[in-house]
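Residue numbers for the sequence shown follow our numbering, beginning at 240 and rising by one.
From the three backbone atoms N, C-alpha and C, an ideal C-beta is built for every residue, glycine too.
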Amino acid sequence: MNTRLVGMIILMCAASMITSNAHATDKPYKKMTLSEKGEQARIESAELEQSQLQKARDAANATAEREQKVLAKQEANDWEAQQLEKAQAQSEQRLTREQKYLQQAQEAAAQTRKIPKETSDPAQSE
């Protein structure tokens, strides 16, 4: 029984190969004339041109999207830049205050102080 089944399967495969070859040979290869080749080349060229144009459009759209993302990221960085500017301004104010205090201290140190002299000096009385 198994050998019969195997034999039938092999027979069917062989028959399908023969019929497929017969279909393939039904259509003889047609040689194209020069004008037909030229027309086919024009059609292929137009199709290729359209595909290249579509690729260029897609690339331009992708570039525009990337530019938008970069601009959005830069706007986020503007907040960071503002915070940095504020910190620098506060630092400069602090330095200015320190310089002002230092200058006041130097002026105070430069002033001569009049200390009242005591009439009786304890070091001299001994």
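- Per DSSP, what kind of secondary structure is T302 in: helix, strand or coil? Under the three-state reduction of DSSP, T302 is assigned to helix.
- Item | K308 classed as buried or exposed, judged by whether at least 16 other C-beta atoms fall within 10 angstroms | Exposed, by the Cβ-count rule.
- Alpha-carbon spacing of L250 relative to N241, whole angstroms: Their Cα atoms are separated by approximately 14 Å.
- Message: Helix, strand or coil for T335? Go by DSSP, reduced to three states.
- Response: Looking at T335 - three-state DSSP - the assignment turns out to be helix.
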